[in-house]
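S.K.: The structure follows.
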Amino acid sequence: MESERQNFEPAQRYYLRIHLYHRLLHGLLMASFLGLAATGMPLRFSDLAWAVGVAHAMGGFGAILFFHKSFAFLLTLCFFLHIASVFYLAFIRGEVGVFWGSASMVPQPRDFVEMLRHFRWFFGMGPKPQFGRFTYWEKFDYWAVFWGMAIIGITGYVMWFSSFFGSFLPGWLFNITLLIHADEALLAVWFIFTIHFFNSHFRPEKFPMDLVIFTGRLSERQLREERPAEYQELLEEGSLESIRTDSPPLWLRNFGRIIGFSVVVTGFLLFGLTLLAFLRE
Amino acid sequence: MTMDAEKHRPVGWLAGALVGALFLLLPAILPAAESVSPEVQFCLSCHSNKTLELVLKSGEKRSLYVDVDSFARSVHGDKLRCTDCHGDISTFPHPTRSFKNLREFTLAYYESCKGCHFDNYTKSLDGVHYSILSKGDLRAPLCVDCHGAHDVARPGVPKSRISRTCSRCHQEVYRQYAGSVHGKVLLQDGNVDAPVCADCHRSHDIVDPRTASFRLRTPELCARCHTDEKLMKKYGLSTKVLQTYLRDFHGMTSSFHKSEQIPRSAVTAVCTDCHGVHDILAVKDPRSAVMKVNLVKVCRKCHPNATENFPAAWLSHYEPSPDKAPLVYYVKLFYQIFIPFVILGLLLQILLHVWRVVVNR
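Same order as they appear, the protein sequences are chains A and B. If you read the first sequence in numbering that gives the first Met the number 0, its first letter stands for residue 0, the second for the next number, and so on. If you read the second sequence in numbering that gives the first Met the number 0, its first letter stands for residue 0, the second for the next number, and so on.
Here it is as structure tokens:
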């Protein structure tokens, strides 16, 4: 089976790509984002039958607003846990590579070069670029979520505590906050439920599902083929052995599959419903 | 009604005449009563006596005089006989009935109307007036209190008659209504486009306007006229008022509450909270609560700490455009372009990637 070979190659050595902390944080991010989308979209398209149905199923619009705020709190927690870990790594552990370098999420000059080369490769005008630890579209994915959380989060809290913010912010700002919150959220939902899902499920080397975010482990073959620059760097540094780990256990792979597919199904359903609603607006 | 017979004092030349003779003579004597049936004329041989009255146990007096002209002019004049409503009195002398007071007398005939007007009778059972009656408040109006008894006329002719009927009990509300933009044009200019009480409150199945569900129905109630293109064009009023309201915080919240089968809360502003209820004024009226200078006072009814620039959160029912609320308009426009651009652009990158892999195979 293609998926079996991609996610489990017993003959291969395995290396740790994603730490447990980040996997857990991604789990929290995933749960809270899905919760926010499932409660927020019925609020945004509240005049549609499916929105009313979803709201009733959860105990009415008052109840879904309560759940929405609860998930918002969880996502905020997730946001700050991430910021804290970045600062811990950079300033306490002294790993400045978090902010700049080949292992950093910050766009590097080489990312722009790789993007151009990637497009040349699309049209058969050159070889496939040698990607490193993070590809340019993975960085875009990361920053899109980062940007989205900041924008949607701030506007959300302004509306949540409107009487407090209303005491010093001008009134017209509230119209903009509702608009930005609703539209930026729609963009976020569509981005995650199409682009992010396609990135980790539909790219040929990932199909039907990349389990790395659940197992955290990458086979030597995957590392060498998908991230040749990183592999090379690790080999030269001689640090490959330090990230060596066991092959992903069956329970973890199955856990990832169950969670992954449930989230994809829910996500596609929400994408379909909101797309139809948007086109009818 | 033997006791009444004693009080029956003969008047004029009609006094000693035989009942049979009267039966033949009456049509000639009372030309106005031509349209009433002979049976009615038979009863009128006694009940056209203005001094005929009944003294009740409470000491109150009930006149038993029936003005034949007003009955003949009533909607029932050519249709009903006395016994159609007074079914209990078909013989002479009348059977003895005793009533404690006037209200009990009226209540005794309460169900007379339902024989023909069953639909309206049934509707009234859902109404607030019946509800207070069933709780024992005998002041609640019965059919005849609004419609009259022998002089029943079409209730809406002229239209203002409806509101005047309600005003007999609801004087303060009527006073406010008469000064409102709706009341003024109807009562002073006779403009029948303006609503009367029953247009908003209905007539027989009047619900308690203090309930959450009635509050939440207010926008659709006002919208019945205020989204009518033809009607609003006559007065240069916008028909976007409902749509723009529903898109705003208050409107959205009201929709949320309304979608619940039993609204638990109605804590959101509906039309009447800002514009006023019975005392509603034209938005151009300087005294209007929603006039820009007055608006912050309206906001403070619910948002006590509202600052002077708080009302700017409200777009005054305008649809965002480059002229009105340009910032809202351009932010919206930005997202309408930005969202498809980002999604389609990134999708293209993925498709190109897949395409290249397929081509290379």
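Ideal placement from N, C-alpha and C gives every residue a C-beta, glycine not left out.
Rounding to the nearest angstrom, what Cα-Cα distance links B/R286 and B/N119 in this structure?
M.R.: Whole-angstrom Cα-Cα distance: 40 Å.
S.K.: Cα separation between B/C115 and B/R223?
M.R.: 30 Å
S.K.: Looking only at its chain, what residues have a beta carbon closer than 6 Å to the beta carbon of B/H249, apart from the 5 residues adjacent to it on each side?
M.R.: Answer for B/H249: T267, A268, listed in chain order.
S.K.: Where does A/A143 land, buried or exposed, given buried means 16+ other C-beta within 10 angstroms?
M.R.: A/A143 comes out buried.
S.K.: Mark A/P126 as exposed unless 16 or more other C-beta atoms lie within 10 angstroms of its C-beta, in which case mark it buried.
M.R.: exposed
S.K.: Taking Cβ positions, are A/M158 and A/T176 nearer each other than 7 Å?
M.R.: yes
S.K.: So which residues on chain B does A/W120 lean against when the C-beta distance must stay under 8 Å?
M.R.: R355
S.K.: Could one say the Cβ of A/V211 lies closer than 7 Å to chain B's Cβ atoms, at least one of them?
M.R.: no
S.K.: Going by beta carbon distance, what residues of the same chain come within less than 6 Å of A/Q11, once the five residues before and after it are set aside?
M.R.: Excluding residues within five positions, the ones whose Cβ falls inside 6 Å are S218, E219, R220.
S.K.: How would you label A/E204, buried or exposed, when you count the other beta carbons within 10 angstroms and need 16 or more for buried?
M.R.: The residue is exposed, with fewer than 16 neighbouring Cβ atoms inside 10 Å.
S.K.: Output needed in chain order: residues of the segment 191-204 of chain A with a Cβ under 9 Å from some Cβ in chain B.
M.R.: T193, I194, F197, N198, F201, R202, P203, E204
S.K.: Between which two residues does the alpha helix (DSSP H) harbouring B/R102 extend?
M.R.: B/R102: member of the alpha helix (DSSP H) spanning 101-107, first to last residue.
S.K.: For B/A20, does the three-state DSSP call read helix, strand or coil?
M.R.: Reliability fails at B/A20, whose pLDDT of 48 lies under 50, so the model's placement of it is uncertain and no value is given.
S.K.: Please classify A/F260 as buried or exposed, where buried requires at least 16 neighbouring CB atoms within 10 angstroms.
M.R.: exposed
S.K.: Which chain A residues are close to B/N308, counting only those with a beta carbon under 7 Å from its beta carbon?
M.R.: P169, G170
S.K.: Which residues bound the alpha helix (DSSP H) around A/Y156?
M.R.: 135-159
S.K.: For B/L137, which three-state DSSP category applies?
M.R.: coil
S.K.: Check whether chain A comes within 7 Å of B/Y108, counting only Cβ atoms and requiring the distance to be less than that.
M.R.: no
S.K.: For the 8 Å Cβ check, are there 3 or more pairs between the segment 233-249 of chain B and the segment 307-316 of chain B?
M.R.: The segment 233-249 of chain B makes contact with the segment 307-316 of chain B, as at least three CB pairs between them are under 8 Å.
S.K.: In angstroms, rounded to a whole number, what distance separates the CA positions of B/L137 and B/R102?
M.R.: 7 Å
S.K.: Identify, in the order they occur along the chain, each residue of the same chain with its Cβ nearer than 6 Å to the Cβ of B/C165, setting aside the five sequence neighbours on each side.
M.R.: C196
S.K.: Consider the Cβ of B/L347: report whether some Cβ of chain A lies at a distance smaller than 7 Å.
M.R.: no
S.K.: Are the C-beta of A/V281 and some C-beta of chain B separated by less than 7 Å?
M.R.: Here chain A covers residues 0 to 280 and nothing more, so residue 281 of chain A does not appear.
S.K.: From the DSSP output, read off the bridge partner residues of B/S62.
M.R.: DSSP output for B/S62 lists B/E52 as bridge partner(s).
S.K.: Going by DSSP in three states, A/T244 sits in which element: helix, strand or coil?
M.R.: strand
S.K.: For B/S184 versus B/A193, is the C-beta spacing smaller than 7 Å?
M.R.: It is worth fixing the name first, because residue 184 of chain B is Val in this sequence and not Ser. Cβ atoms of B/V184 and B/A193: closer than 7 Å.
S.K.: At what residues does the alpha helix (DSSP H) containing B/Y328 begin and finish?
M.R.: 325-359
S.K.: Considering Cα atoms alone, identify which of A/P207, A/G39, A/G26, A/A89 is closest to B/F255.
M.R.: A/G39
S.K.: What residues of chain A sit near B/L351, judged by a beta carbon separation below 7 Å?
M.R.: F121
S.K.: Quick check: the segment 346-359 of chain B against the segment 196-203 of chain A, are there 3 or more CB pairs under 8 Å?
M.R.: yes
S.K.: Can you tell me whether A/S199 is helix, strand or coil according to DSSP?
M.R.: helix
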